[in-house]
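Student: Residue numbers (my numbering): 408 to 581. All C-beta atoms, glycine included, are put in the ideal place defined by N, C-alpha and C. Just so you know, these numbers come straight off a predicted model, no measurement behind them. Structure below; questions to follow.
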Ligand SMILES: CC(C)(COP(=O)(O)OP(=O)(O)OC[C@H]1O[C@@H](n2cnc3c(N)ncnc32)[C@H](O)[C@@H]1OP(=O)(O)O)[C@@H](O)C(=O)NCCC(=O)NCCS
């Protein structure tokens with residue numbers, strides 16, 4: 408079925424009822440793109456485990472799970488996991504994924520903006536992210552949203568015997 412890009416995109420927090428749709432979205436992104444850390448057959452969470460994960464994220468005041476919804480479909484996700492100690496609760500790691508058919512429509516930007524809007528309320532002062540150094544789209548998206556390159560982690564990913572570096576990206580939240 409053709410994606411309906413005319414439908415309004417709603418960015419909202421993930422709920423238990425989204426579990427199956429989130430799993431299918433993430434499974435699809437792993438098949439469409441090499442840029443996630445898992446391969447399709449490693450996306451092995453059950454719907455129940457995903458429900459539990461959503462509840463755990465929602466219960467943590469410094470973590471966030473956003474979805475992008477188009478009609479009935481989940482077309483993108485963003486997770487932000489905050490630190491678990493007093494010294495690290497202000498900082499965390501974000502990761503985003505959007506279905507390929509919807510790339511270039513501003514959904515990634517909206518997900519990150521949703522995260523940045525939430526950060527002050529949650530006491531988050533720093534957002535970290537990392538992606539393959541050849542993931543030009545993700546790096547441009549992050550830089551557009553105010554992230555800076557903070558370093559490189561060498562040989563962070565291995566695919567079919569080829570090694571890839573990660574670029575470490577960081578966004579200070581004032
Ligand atoms: C990275 C990803 C989340 C971006 O989502 P998206 O919905 O396409 O993002 P946007 O439409 O908001 O575009 C973001 C920016 O990408 C850049 N961009 C768009 N098309 C591009 C292209 N063909 N080449 C390079 N950069 C491009 C632009 O800077 C764009 O912002 P702009 O249109 O305002 O100038 C999505 O491509 C994805 O899910 N990729 C696979 C998983 C992944 O790489 N995740 C990130 C690592 S955690």
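1. Comparing C-alpha positions only, which one of 433, 456, 581 sits nearest to residue 423?
2. Hey, could you find the ends of the beta strand (DSSP E) residue 598 is sitting in?
3. Under the three-state reduction of DSSP, which class applies to residue 515: helix, strand or coil?
4. Can you tell me where the beta strand (DSSP E) with residue 452 in it begins and where it stops?
5. Nearest to residue 556 by CA position, among 538, 577, 568, is which residue?
6. So residue 488 packs on residue 478, CB below 8 Å; how close in whole Å?
7. In its own chain, which residues sit with a C-beta less than 7 Å from the C-beta of residue 549, not counting the 5 before and 5 after it?
8. Rounded to a whole number of angstroms, what is the C-alpha to C-alpha distance between residue 427 and residue 569?
9. Leaving out five residues on either side along the sequence, give the residues of the same chain with a beta carbon under 8 Å from the beta carbon of residue 490.
10. Of all the options 425, 436, 433, 466, which has the alpha carbon lying nearest to the alpha carbon of residue 458?
11. Check whether the Cβ of residue 535 sits closer than 7 Å to any heavy atom of ligand 1, and report yes or no.
12. Please identify the residue among 481, 485, 480 whose C-alpha is closest to the C-alpha of residue 471.
13. Can you name, in chain order, every residue of its own chain whose Cβ lies under 8 Å from the Cβ of residue 447, other than the five neighbours on each side?
Tutor: This is what the structure holds:
1. Here residue 423 refers to the residue found at position 16 when the chain shown is read from its first residue. Residue 423 has its Cα closest to that of 456, out of 433, 456, 581.
2. Here the chain comprises residues numbered 408 to 581, so residue 598 is not present and cannot be evaluated.
3. Position 108 of the chain shown, counted from the start, is the residue given in the question as residue 515. Note: residue 515 maps to helix in three-state DSSP.
4. Taking the chain shown and counting its residues from 1, the one referred to as residue 452 is at position 45. Segment: none, residue 452 is in no beta strand (DSSP E) and carries neither H nor E.
5. Looking up residue 556 in the chain shown gives position 149. When each option's Cα is compared against that of residue 556, the closest is 577.
6. To locate residue 488, count along the chain shown from 1; it is residue 81. To locate residue 478, count along the chain shown from 1; it is residue 71. Not confirmed; about 28 Å, so no contact.
7. To locate residue 549, count along the chain shown from 1; it is residue 142. Within the same chain, residue 549 has close Cβ partners 536, 576.
8. Within the chain shown, residue 427 is the residue found at index 20, counting from 1. Within the chain shown, residue 569 is the residue found at index 162, counting from 1. Distance between the alpha carbons of residue 427 and residue 569 is about 32 Å.
9. For the purposes of this step, residue 490 is identified with residue 83 of the chain shown, where counting begins at 1. Once the five neighbours on either side are set aside, the close Cβ partners of residue 490 are 469, 496, 497, 498, 499.
10. The count along the chain shown starts at 1 and reaches residue 458 at position 51. Ranking the options by Cα distance to residue 458, first place goes to 425.
11. Mapped onto the chain shown, residue 535 falls at position 128. Checking every heavy atom of ligand 1 against the Cβ of residue 535, none is found closer than 7 Å.
12. Within the chain shown, the letter at position 64 stands for residue 471. Check the Cα spacing between residue 471 and each of 481, 485, 480: the tightest is with 485.
13. Position 40 of the chain shown holds residue 447. Only 434, 437, 438 meet the Cβ criterion.
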